[in-house]
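Residue numbers (my numbering), protein chains in the order written: chain A, 11 to 1095; chain B, 359 to 424; chain C, 538 to 852.
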């Protein structure tokens, strides 16, 4: 270690370091234009000149390449140093009068006009580019010539074969003399394209060292070996110079890791269809024809346009956008994908609505579609509001060609309306709603694993084991199982987890380790002794915020006993030393000023626990994500802000108290309410994973709606499979079936429910830890189309019954009509019942099979055979089933005339009335939920306007409720076919097991507590809490006052701020704690 | 008045806006340094009293987001 | 009015005699003209003290919170709405109450009378829609409709919304009343104008808390202004503290205020405290279609959360 004097202060550096490096470490700024951390110093620009006193005389040396030695005295800030620098800057300004960085320097040194003759150069001959090129292992450019003729160029000034067009020279050029654009212009022998960012769909470039996207987990950069120069030339390694912890190892090799597992779940996902091959859409040629995925990026705040809606060709705001549906779906001619991709209708509507919301002007959005398929929960409502409230235009037409309009960037489209008129329209931008497909790599993987695929290259599964592949022990979920949206993928992944759980249940908890517990020090009543640790985060914080300054500032704050700054506070060794310091300095409160508590609070809390402190005696000041990273051009303001944030954190932490996380046993028994196919599946899965299960059914037998179904969409016999399942349940000694039973009361909460079951007047109380609601739904009994007046007019379920009864009359009929959307998708019941299109088409095909000459008509609004159900639709058309569209304003009429059934409708193509004499009219009637209001009240869950249960999260929590310990599956959630009901039954079981398997639940410390002395019993908290945590105390001195169940409390604080009396406190975010932060604001610098 | 800078106190929900503010950092977006953030567990925790207290302490604006 | 009081006495007497209630809360004559005062009648014989006229503006619901007895209460339209709020907020149980509903045609604002006279009012007598007022040196007959409390003149719930007995036939409700002209006027002001308006409005406030004490909604065992841990509001007459008090009290009444006018009536400085509460009352109506105290089945909108709550205010 070498000690010397810097500006009168003693500083230390390593042998071989240069003055500039040591000065930087101590926060002393020395200007430089030619220095780069990864390159050898060259002292080209001379601006870093400093004054050196060697004991005898003073001289001027360049700080960047002057090595330090013991006892030297360096001055960076003297008048003569400034004079010298000023002259250099003046000379540079004369050479490059228009270069921003030089102009800025000149401004700093008070130079308005150089005294020397001005030139028009923009190169200051710093040599960064040539040194960088050399570093890359290339030497494609060098400084040539001497004296005034010196310049940067290639040998003989011809395009160099050595040059790889890597752009490293441009990345270091301080003046813009070399830029990527110039390289791209002049380079003819090499490809100079940017490295396309995968996340931004190629709409912009990325670096070879990159984090795939901001939210990536782990959020660690990766080096792209295919483009990294080091892997081409063996040079570069510039990144290693910047990594403060030597984390980069270019010699790492791919490893083969062998794992011994009991089961495999495949979730490789899909790839968006690439429409480049559709030359009639001009996607590959025209920048304003983009895919929906690209459009998502344009709408995204983190995308290439930062969420500003512009088109890519000229960055103009589009006035008219069109979406084309079914690109790469439902199409055999161009892409071989005859399936429906299920999700595109919904995402196109979403994009159109968001685009309209983003645009601050009246944006015209048009969606060209074949059938609008909004068959998910609340999707139809969204479709209606997009059309009626947002004014999105929907046009039923498949467009053939997109033609660029010559001389503009616009696009012309010719299409035929439903009425048969040909129209021509111009759009600014066209979005192709591309479908989902399985990638070739995934198909290859399936081949290696030996699992069967469908004709659409999705995994072949049975409706009764929807997530099991053809190979035992291998399961699938997500889009590889078939095109599907997020909620369905989430259901399936939970179902796959349950399937594995059932298989591997005996191995549960065989590989867990016990954790060592450090006894907690009691700090209650002690004066706060706060330790403040300020993180440099390499240069992430220290490069902007003056960390030593913040650290010293913190030291002077009240109750602060210890301060320090760390290079990386989160590193293992820092964590250990932090725990030691807490112990040795007797600290009882800790502030870490670093990144964000959202990612790092648990880590630092762990350190507190290891030091024997309660983890709630901690607070973070976010001086990276919300400070240094967002104010990088304002170091002084960022430092001030960091001080404020530290002061606020210190004043809050002083008031923090140790909080308890109570532990509560989870009753290991489950209850499933509803003995339909999803409820039975849930019960079977729960028992299969080792849990006693009560299965409650209000009817006299198990089976629910499945008892009424003939076949699945895949043609499997429902009754056969149902019998197997029912038998399984009845044989299972872990499942207690309660038939003819209803719930008459539920007490308790997660882990500890006490439910009263009532059966024929007998009451029984059952204790259970979790509940699954699977109460199902029923088929609507229509009150239109003369239903009930003639036995030839029936519902789909009644037709199924006739198939099951092998009704011989069916074969004899000449004509059959199916009417779709009976009771669905209309104002009083706005949702789509999801299953009816497939069901009717299935039944139509069954009739055709019996009697190929039968005339069959399906009267529909939109055919919604989503996913691979589309094949059935195609098959039906091929079999001669006639599909006729009708609109909700003009429903078909069913008349009974002299023993005949006459169906009247209007042909949508010809616009002419049509009359069909039918021997059979099947009404595809809606699925109607049972509106279980009492059950909802019992379990403190809610129903939506349609009477369906409201799940925790529409996308991410479809099989559970916001209320802990209560789960959901089957038709009670939303209409769905058998395979989806079964998957959700397994999913609900899976979600339940995650809770049951913990055996205990821990409450958070950050929960609300009441002070009964000042509670006014007004009941606002009881009413306002979405989690039913507050209730009125029964009995005792505080009877009638509110109390809060800390197990149910999520710590949101809604009750706290709603409490007028101030009787509720939110521990960890209490009033005095938040006030202390607010009061600390006022001292702002 | 020309160099007057407002002091803004923002109360951000830890689940969304606070996370978004973090993400703004991750994305290296830049914004003026006039903001001081108080993290709250949910905007449901926001009390009008906090807004009034902040204004009283000299804040020129209070921003609640969640 | 005479018919009213006879009926009130009759009902009250019977309730007490039959032991249906332990007491009746009503009005008796005060020591000053136009200042009837609330009274608790516990003996059937004492019902003779009860009075009823247009000087019964005090909201009797205020006397119910936390009582354990069986109570008969004489209640105007606004009183009944506050009784409803009390029931919803667990301040009293419905089965404790026998509500003697009194259809109301508005209460007199004594300030509107006294400002017409130089000297102190000695006597005021109500007759057929007029009030004969005597001061030390003058006498005048005034029209009652000119003297109504501001909230009464725009009242659209004059009849009791909940009652067990009625002291008179229901009256016709006022229709086509522009309830929020004053709020709209303030809403239309610029930020600066608003600032001045509220500054002037609150300048006379002496922090006596009469408005709070008169308000049936302010029943907390410890009011936030009286707390010191944390100190929500400073205790001084500093305009900032006064403003904080009024703002927060108004928020506490949001979605619960029935515009009964008790606060204004109680204010010794004549501050129009309703300027705050009415804005929030209007917002509750505009945003949630809500009028406070109309049903014992529903809680105020700010006590509940619904996924489809309006959120147009989020920008």
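Cβ atoms here follow ideal geometry from the backbone N, Cα and C, with glycine treated the same way.
Give me the DSSP bridge partner(s) of residue 421 of chain B.
DSSP output for residue 421 of chain B lists B:368 as bridge partner(s).
Can you give, in chain order, each stretch of the alpha helix (DSSP H) that sits fully within the region 137-208 of chain A and has at least 4 residues?
Whole alpha helix (DSSP H) segments, 4+ residues: 138-145, 178-182 and 190-196.
Using a C-beta to C-beta distance shorter than 9 Å, which residues of chain B count as neighbours of residue 1085 of chain A?
Correct list: 407, 408 and 411.
Residue 565 of chain C and residue 584 of chain C - do their beta-carbons sit closer together than 7 Å?
It is not a contact, given that the beta carbons lie outside the stated cut-off.
Output needed for residue 385 of chain A: all residues of its chain with C-beta closer than 8 Å, excluding positions within five of it in sequence on either side, in chain order.
842, 844, 874 and 876, listed in sequence order.
Decide if the region 102-120 of chain A is in contact with the region 67-86 of chain A; the criterion is three or more beta carbon pairs, one per stretch, under 8 Å apart.
No, they do not touch.
Could you please tell me which residues of the region 370-383 of chain B, in chain order, have their CB closer than 8 Å to any CB of chain A?
So the close ones are 372, 376, 377, 379, 380, 381, 382 and 383.
Given a cut-off of 7 Å on the beta-carbon distance, is the pair residue 825 of chain C and residue 805 of chain C in contact?
For residue 825 of chain C and residue 805 of chain C, no; Cβs fall outside 7 Å.
Consider the Cβ of residue 208 of chain A: report whether some Cβ of chain B lies at a distance smaller than 7 Å.
Closer than 7 Å: no.
How big is the Cα-Cα spacing for residue 488 of chain A and residue 501 of chain A?
Whole-angstrom Cα-Cα distance: 9 Å.
Since residue 739 of chain A is in the alpha helix (DSSP H), which residue starts that stretch and which ends it?
Run containing residue 739 of chain A: 728-741, per the alpha helix (DSSP H) assignment.
Would you call the region 566-583 of chain A in contact with the region 532-542 of chain A, where contact means no fewer than 3 C-beta pairs closer than 8 Å?
Because the criterion of three Cβ pairs below 8 Å is met, the region 566-583 of chain A and the region 532-542 of chain A touch.
Quick check: is the beta carbon of residue 422 of chain B nearer than 7 Å to any beta carbon in chain A?
Not an interface residue.
Based on Cα-Cα distance, which residue from A:76, A:329, A:112 and A:121 lies nearest to residue 93 of chain A?
Nearest of A:76, A:329, A:112 and A:121 to residue 93 of chain A, Cα basis: A:121.
How long is the line joining the alpha carbons of residue 631 of chain C and residue 835 of chain C, rounded to whole angstroms?
Their backbone Cα atoms lie some 14 Å apart in a straight line.
Checking the sheet assignment: what are the DSSP bridge partners for residue 574 of chain A?
Residue 574 of chain A is bridged to A:543.
Is it buried or exposed, residue 599 of chain C, if we count other Cβ atoms within 10 angstroms and call 16 or more buried?
Per the 10 Å Cβ criterion, buried.
Does DSSP classify residue 366 of chain A as helix, strand or coil?
Looking at residue 366 of chain A - three-state DSSP - the assignment turns out to be helix.
Is the beta carbon of residue 446 of chain A less than 7 Å from the beta carbon of residue 334 of chain A?
No, Cβ-Cβ distance for residue 446 of chain A and residue 334 of chain A is not below 7 Å.
Between residue 1066 of chain A and residue 1059 of chain A, what straight-line distance do the alpha-carbon atoms span, to the nearest angstrom?
Looking at the two C-alpha atoms, the distance is approximately 12 Å.
Using C-beta distances below 6 Å, list every residue in its chain close to residue 553 of chain C, excluding the 5 sequence neighbours before and after it, in chain order.
Taken in chain order, the residues that qualify are 581.
By how many angstroms is the C-alpha of residue 705 of chain C removed from the C-alpha of residue 711 of chain C?
Going from the Cα of residue 711 of chain C to the Cα of residue 705 of chain C covers about 17 Å.
In or out: residue 10 of chain A buried (at least 16 other Cβ within 10 Å) or exposed?
The structure shown does not extend to residue 10 of chain A, since chain A spans only 11 to 1095, so no value can be given for it.
According to the Cβ coordinates, are residue 892 of chain A and residue 870 of chain A closer than 7 Å?
The answer is no: Cβ separation not under 7 Å.
If you measure between the beta carbons of residue 412 of chain B and residue 422 of chain B, is that distance less than 7 Å?
Not a contact, by the Cβ cut-off of 7 Å.
Can you give me the C-alpha to C-alpha distance between residue 376 of chain B and residue 962 of chain A, rounded to a whole angstrom?
Spanning the two alpha carbons is a distance of roughly 22 Å.
Please return the same chain residues whose Cβ sits closer than 7 Å to the Cβ of residue 789 of chain A, not counting the five positions on each side in sequence.
Taken in chain order, the residues that qualify are 805, 807, 935 and 937.
Taking the Cβ atom as the reference point for each residue, do residue 337 of chain A and residue 405 of chain A lie within a distance shorter than 7 Å?
Cβ distance not < 7 Å, so residue 337 of chain A and residue 405 of chain A don't count as in contact.
Determine, for residue 833 of chain C, whether the minimum Cβ-Cβ distance to residues of chain B falls below 7 Å.
Residue 833 of chain C does not count as touching chain B.
Using a threshold of 7 Å, state whether the C-beta atoms of residue 660 of chain A and residue 977 of chain A are closer than that.
In this structure, residue 977 of chain A does not lie closer than 7 Å to residue 660 of chain A by Cβ.
Can you list, in chain order, the residues of the region 1019-1047 of chain A whose Cβ is nearer than 7 Å to any Cβ on chain C?
Hits within the stretch, in order: 1024, 1026, 1027, 1028, 1029, 1030, 1033, 1034 and 1036.
Give the single residue among C:690, C:687 and C:708 whose Cα lies nearest to the Cα of residue 697 of chain C.
When only C-alpha atoms are compared, the closest one is C:708.
Against residue 1096 of chain A, what residues of chain C qualify as contacts under a CB-to-CB distance less than 8 Å, listed in chain order?
What the structure shows of chain A is the stretch from 11 to 1095, and residue 1096 of chain A is not part of that stretch, so it cannot be assessed.
Cβ closer than 7 Å: which chain B residues qualify as neighbours of residue 788 of chain C?
In chain order: 406.
Please determine, among A:716, A:284 and A:254, the residue with the shortest C-alpha to C-alpha distance to residue 811 of chain A.
For residue 811 of chain A, the nearest C-alpha among the options comes from A:716.
Tell me which same chain residues have a C-beta within less than 8 Å of the C-beta of residue 359 of chain B, skipping the five on either side of it?
Because residue 359 of chain B carries a pLDDT of 49, less than 50, the predicted location of this residue cannot be relied on, and the following value inherits that uncertainty. Same-chain partners within the cutoff: there are none.
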